[in-house]
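Chains as they are written, first to last, in full-length UniProt numbering: chain V, 1 to 655; chain Y, 1 to 480; chain H, 1 to 534. Glycine included, C-beta positions come from ideal geometry on N, C-alpha and C. Small disclaimer: the values here were computed from a predicted structure and weren't measured. Okay, so here's the structure we're looking at.
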């Protein structure tokens with residue numbers, strides 16, 4: 001059970017002074033910073049970021065209760081909202097006067113709901129009557145209005161990653177108006193309406209910001225709506241509805257996540273998975289919106305995995321109160337004091353902790369039986385490689401050994417991804433080679449995600465041990481190897497020779513030479529010099545291997561030298577010479593080499609033949625049958641005379 | 001290039017008799033060693049009606065000849081006896097078990113004028129030993145495939161069982177021997193492989209593997225298309241004879257012309273639902289009929305070592321045929337057959353159409369078949385691969401060759417020449433008929449080419465053959 | 001449409017080779033047709049080496065007329081030979097006097113033959129060495145009595161020969177004839193030549209026909225010692241007669257003949273090789289021989305070892321090359337004739353198996369290889385012929401042709417390199433119409449018995465393929481590990497070439513033309529173009 005928690009809190013959370021009567025805590029999603037403001041800042045403000053160097057500490061005068069406090073990007077300028085009318089600014093740019101200055105919203109009797117930095121010096125005020133887009137001029141200690149838009153606003157939501165601001169408008173608040181910000185420009189995107197479960201009479205604000213979250217999933221911006229269970233609609237439980245918000249074009253309702261229960265929920269997005277926390281059951285569900293290929297209209301999703309709690313987390317007691325001996329105490333999960341931020345942040349203000357939520361993949365192996373689905377799931381996760389490989393090993397060796405068709409589908413899924421990557425690579429290199437001239441569309445090298453499982457991965461982590469396994473039937477081993485090769489071929493991925501060697505090794509181990517022969521016959525094991533050599537080495541146990549390897553060398557057509565060597569090693573001197581002649585290389589070969597080989601056969605007739613051949617070659621090339629000094633054939637000449645006599649030598653002048 | 005027999009061409013009214021089987025017998029000298037017991041030696045004798053003493057005399061002659069030759073080489077006794085009227089072939093497949101086949105030489109009957117009886121002229125040089133020697137060995141292999149070895153039968157049930165098995169088998173088998181149409185291909189006893197692209201081949205591989213996995217009873221599988229082998233899980237020697245049986249006996253009995261060779265690629269919806277063309281060539285003829293009796297033929301393989309007895313299930317969908325071999329100990333229920341049918345049928349049907357599609361594609365690439373200037377036979381001793389453009393169709397009953405028998409005999413002669421020494425060799429001859437015949441032997445491969453170019457000279461012929469090798473055999477190593 | 005025509009060819013194969021003695025065509029016609037660069041296509045009688053005055057031999061295709069019943073040509077020939085020798089043969093048989101005629105020679109049998117004979121005899125017929133011999137030949141009577149065996153003793157083999165006899169008769173009981181038994185690596189060939197049975201056990205690849213032909217030779221060898229008439233006579237008298245009594249001492253002739261069969265292409269091709277000699281010199285010798293005639297003289301033959309210097313014959317008497325080979329064998333196998341003038345009865349079975357000729361055999365000089373054979377029909381002719389020889393020698397001396405003859409003798413035939421084709425190792429060329437052939441010395445790697453016999457074996461194979469009566473061939477090119485061979489037959493000649501295994505086909509083709517050209521250039525040296533008669 002313990003290994004079934006597939007969600008966990010980050011190892012070392014960001015710690016801060018827990019909220020109290022004297023200490024207010026604020027969180028800035030843009031910079032992921034926690035602000036601990038003690039007594040309005042007079043006794044100090046401690047800012048903790050995701051990493052220590054981004055933490056800052058300073059003091060500021062207590063000018064009343066702080067409503068909202070945020071650094072601009074890169075901690076350049078601090079903005080503090082204390083009243084509904086104005087926002088105060090403090091320069092944090094080195095050697096700028098560290099003086100506060102304030103700015104009122106320009107719209108008369110509008111009250112500021114909040115603000116958000118869209119850049120280091122650009123800020124948006126959100127008022128109940130619209131938005132005002134300013135540029136801050138720290139040196140002049142004033143703000144310059146860039147753009148403003150008047151519209152009734154119930155509440156707002158800002159997505160820092162995409163710099164998109166979402167405004168809730170109309171009485172019911174279910175019409176959302178997004179704005180996109182980009183260096184000093186503000187663009188209005190098409191607004192859209194969230195379908196409410198029931199339209200209240202009389203109309204009143206019925207879409208709360210608690211039920212809306214904005215996040216990017218698979219590089220697309222989504223607005224997530226937590227649609228509560230309503231008696232009127234006969235839906236069994238609450239749902240999360242995803243609205244796809246494209247840069248251009250209209251927003252569409254695309255996905256529906258079935259929660260199958262009711263109660264209080266919170267949403268996170270981790271590794272492109274939508275995580276839904278359910279407080280009452282103290283469990284969480286995860287959804288992968290890609291697990292069902294889009295068929296145009298809305299996709300309905302069930303949880304990928306059964307509901308599980310987050311992995312229990314223990315808090316080490318610290319501070320003076322804690323005696324070193326004391327064991328860490330388990331921290332309360334799903335506590336009401338938790339607040340959840342996008343995409344993957346959980347904060348417990350009461351305990352002064354900030355966690356990142358993470359997905360553990362290992363447990364999914366046992367939770368998701370359908371191997372095909374499991375692969376689809378894993379292939380989209382960030383740190384999936386080792387897990388995927390272990391899945392493969394498991395399905396080949398493990399107790400729940402998958403049957404061949406499963407194995408096949410898994411291989412096909414892996415190779416699909418593998419192939420896509422290879423193609424991208426190829427396209428990239430092709431573009432590079434074609435030179436900058438034509439690379440108008442500036443190619444960027446395709447990133448190799450962990451999901452790309454290539455042949456060497458499979459070989460080293462899965463197949464090589466698998467084929468060693470004694471308790472597995474060799475029939476199955478061969479079948480699996482062939483499936484993998486089949487799959488690679490199906491995706492036109494050139495197979496590496498070490499896989500072939502694995503096949504051959506296995507076949508040879510079990511004396512299945514005839515099978516081997518058939519595979520080679522149909523070129524299932526494609527040609528390569530290493531393979532040809534391997535075959536040669538088999539000749540002693542399986543004679544035909546010699547022929548097979550010669551054929552292979554021949555087909556390679558770059559291996560003439562090897563062929564000659566092979567033939568000579570078999571004392572087929574004549575054959576070697578005939579071959580080299582057939583490819584027109586006989587004027588360049590070393591006479592010495594062939595004469596030596598001929599001598600070794602102790603076949604004088606053969607020696608005579610070879611010797612005469614080279615005499616004639618000399619004649620043809622130099623008009624003289626004798627050998628050159630450089631050819632080192634003296635001993636052979638001597639031997640020839642001894643065996644056949646002086647006048648057997650070719651005469652200088654032939655009629 | 002097809003020729004009519006010269007005898008037909010010549011005007012005179014002479015009659016031509018092709019070689020024919022005179023007698024066929026099996027004996028074991030050890031079974032009747034003592035004087036007067038000779039008859040006991042004889043385990044099988046065809047024709048039966050031969051008078052007893054005659055049989056004994058003929059067996060005696062064979063024994064004498066074998067003994068006689070042992071004085072010149074104890075280890076290599078006689079293989080054949082040439083006489084004016086016939087040839088006798090001797091084969092000792094198992095120790096002391098001798099098979100003898102007597103073939104009458106072909107003869108010409110020349111009519112004589114003024115009512116004299118026609119003069120018969122035996123053509124003693126026509127029959128080629130290696131061909132009929134192989135035919136005799138084939139007889140044994142075929143017997144062994146379906147009955148196991150002589151000695152096993154003898155151990156099991158003594159002479160009675162053995163003779164009974166022999167009679168049961170050979171009575172029918174001998175009738176299927178067509179001695180007049182035996183030629184080089186019988187010497188090779190090769191297997192014709194279906195040319196296939198790698199991908200389709202791999203598909204077949206995984207098909208076979210999956211079936212074997214899910215029907216674990218299956219011990220071996222062989223896959224054929226268009227009567228050509230694609231995959232064999234059996235060892236080579238066993239496959240060789242099984243292939244012979246399938247292609248010359250079983251398949252010809254079950255050909256459906258409309259489908260044979262050219263099945264149309266299926267439309268997906270057909271593949272989708274369960275309609276398929278699968279059917280059993282052995283075993284249940286009709287699965288629908290619940291109380292129809294059926295049995296699968298039994299075959300014996302690996303008789304050298306493990307000596308396995310198996311059920312032979314042959315299942316066919318369109319031009320794709322699969323042999324499943326199951327341990328004969330288990331008896332195969334109708335349920336099993338249905339399971340197999342429902343599982344293999346649709347998949348095989350699809351596969352068949354895949355293969356067909358691929359095949360047509362390749363053919364289109366290679367372009368339309370136009371009658372080339374040459375015909376050839378190729379054989380590789382290493383994997384028994386065989387290819388012939390000389391034979392239109394080779395079944396037990398008919399072997400249509402498209403060249404003159406005399407040319408076939410020249411091929412036979414060259415083959416004998418090659419068989420003698422184990423070295424690469426090439427022989428080019430020009431027959432009086434102006435045909436060129438080329439024989440090439442290179443590292444266990446043999447290629448025979450017949451060219452119809454009366455005016456070509458040696459060099460041109462050589463070029464022609466080079467071209468042939470380049471087109472047909474460019475992917476294998478042929479010594480020049 | 002080629003099909004029909006070709007079919008026709010196939011049909012009249014036999015006919016294709018029938019060459020009627022019409023080849024003795026007017027020489028003038030032939031002369032014009034003699035082209036300097038002959039092509040394989042040329043007409044018979046115009047090929048290089050074709051005789052101009054017609055052949056000196058009975059025209060014989062390789063072995064067609066051997067396998068034919070030889071009796072055919074006896075009746076017509078016997079006429080000229082006259083009944084005298086017939087009588088002589090008969091009475092000889094009656095008296096059993098023929099033994100003495102052989103005894104004469106018996107003593108003369110040279111020592112070394114005896115030695116080799118002994119060795120062969122001592123062999124244990126059950127030993128591996130005995131089995132390993134490439135060629136066994138057995139001769140037995142129709143009663144199964146041993147007459148001759150090449151290795152081992154007849155006694156030790158009598159049981160085996162009995163079996164041979166038995167096998168033969170079992171088959172014949174069925175109105176059938178046993179031809180041969182084939183096994184891996186060897187074959188047993190049977191030949192019944194009443195009253196003899198010949199059996200050969202051969203470890204070769206040649207066709208049964210070739211092997212039968214060799215057995216024929218052995219048969220005729222025996223006939224040449226006894227005449228067929230006497231042979232039949234003997235066995236008519238006593239079925240179980242032990243013929244060895246008559247043949248005692250002559251075994252080495254058969255042994256030697258068997259050796260010749262393995263080494264001398266002449267016997268294979270049914271042709272004779274001439275001593276290369278300037279035509280002027282040869283003509284002088286021939287005419288000298290022609291002048292030295294006598295009443296009963298039928299043939300005068302001058303040999304140099306196994307090569308023919310010249311042959312002069314009685315008008316319209318033809319000597320069959322086979323009979324000539326038997327004479328060669330007779331001379332070659334016994335050194336006795338060197339001792340002085342030999343006088344021996346000999347039957348020339350192809351000429352007439354019924355009667356004896358009487359041969360005067362002597363070397364011109366004890367040292368030299370030149371051997372003169374004078375064949376007469378008269379058994380009393382010794383002194384006449386001895387006189388002929390003297391006259392012949394005088395003439396030679398007067399015209400001092402003797403010297404040039406000696407010189408020609410001293411130098412070896414000729415090296416193949418003279419032809420000027422480096423890859424060409426050896427060849428044998430036979431002119432069909434003249435029945436003569438020529439062949440260069442064996443090159444280095446083929447000297448030594450084994451290699452020589454291997455090469456001859458190869459030629460023999462080609463020969464048997466080319467002449468397979470049911471599947472005749474024009475060309476054979478055979479490319480193997482030790483040599484490339486090329487053989488071709490035309491109506492005019494047979495040619496066998498042996499190339500380096502690294503020779504090419506195009507080379508072979510061009511070599512043939514080059515060679516024919518060369519032979520044409522050399523023909524009057526290599527062949528006897530104008531044989532003489534008296």
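Item	Value
Would you tell me roughly how many angstroms separate the C-alpha atoms of residue 49(H) and residue 489(H), rounded to the nearest one?	15 Å
Rounding to the nearest angstrom, what Cα-Cα distance links residue 271(V) and residue 382(V) in this structure?	7 Å
How should residue 387(Y) be labelled, buried or exposed, when 16 other C-beta atoms within 10 angstroms of its C-beta is the threshold for buried?	buried
Would a check of beta-carbon distances place residue 480(V) closer than 8 Å to chain H?	no
Chain Y beta carbons: is any one of them nearer than 8 Å to that of residue 592(V)?	no
Looking at chain H, which residues of the region 163-177 of chain Y have a Cβ within less than 8 Å of any of its Cβ atoms?	none
Taking the alpha-carbon positions, what's the residue 166(H) to residue 64(Y) distance?	9 Å
Can the beta-carbon of residue 309(H) be found less than 8 Å from the beta-carbon of residue 330(H)?	no
Just to make sure I have the definition right: I need the residues of chain Y whose C-beta is within less than 7 Å of the C-beta of residue 298(V). Which are they?	Here the premise fails: no neighbours, minimum Cβ distance about 28 Å.
Find the nearest neighbour of residue 608(V) within the set 647(V), 169(V), 623(V), judged by alpha-carbon distance.	647(V)
Using a Cβ-Cβ cut-off of 7 Å (strictly less than) and excluding sequence neighbours within five positions of residue 534(V), which residues of its own chain qualify?	501, 504
Measuring only from the beta carbon, is residue 470(H) closer than 7 Å to any heavy atom that is part of the ligand FAD?	For the structure depicted, the ligand FAD is absent and the ligand set is empty, with no information on it obtainable.
Using Cβ-Cβ distances below 7 Å, what residues of the region 56-78 of chain Y are close to chain H?	61, 64, 65, 68, 69, 71, 72, 73, 76, 77, 78
Straight-line CA distance for residue 154(V) to residue 167(V)?	7 Å
Quick one: complete alpha helix (DSSP H) runs, 4+ long, within the UniProt domain "CCZ1/INTU second Longin" (218-344) of chain Y?	236-245, 268-272
Determine the closest residue to residue 467(V) out of 287(V), 544(V), 457(V), 481(V), with distance taken between C-alpha atoms.	481(V)
In angstroms with no decimal places, state the Cα-to-Cα distance between residue 345(H) and residue 383(H).	15 Å
Could you give the DSSP three-state label for residue 530(V): helix, strand or coil?	helix
Per the DSSP calculation, residue 28(V) is bridged to which residue(s)?	33(V)
How long is the line joining the alpha carbons of residue 437(H) and residue 392(Y), rounded to whole angstroms?	47 Å
Three or more C-beta pairs closer than 8 Å, one from the region 402-410 of chain Y and one from the region 455-472 of chain H: is that the case here?	yes
So with CB distances below 7 Å, who are the chain Y contacts of residue 124(H)?	Per Cβ cutoff of 7 Å: no residues; residue 124(H) is ~13 Å from chain Y at best.
Measure the beta-carbon distance from residue 389(V) to residue 454(V) and round it to whole angstroms, keeping in mind my assumption that it falls under 8 Å.	About 11 Å separates the two Cβ atoms, so there is no contact after all.
Can you give, in chain order, each stretch of the beta strand (DSSP E) that sits fully within the UniProt domain "FUZ/MON1/HPS1 first Longin" (135-257) of chain H and has at least 3 residues?	135-141, 146-149, 178-183, 186-193, 196-202
Hey, could you find the ends of the beta strand (DSSP E) residue 214(V) is sitting in?	212-217
Rounded to the nearest angstrom, what separates residue 242(H) and residue 199(H) at their Cα positions?	17 Å
Pull up the DSSP beta-bridge partners for residue 48(V), would you.	34(V)
To which residues of the same chain is residue 290(H) closer than 6 Å at the C-beta, ignoring the five residues directly before and after it?	312, 532, 534
Can you give me the Cβ contacts of residue 483(V) inside the same chain, cut-off strictly under 8 Å, excluding the 5 residues immediately before and after it?	404, 407, 408, 411
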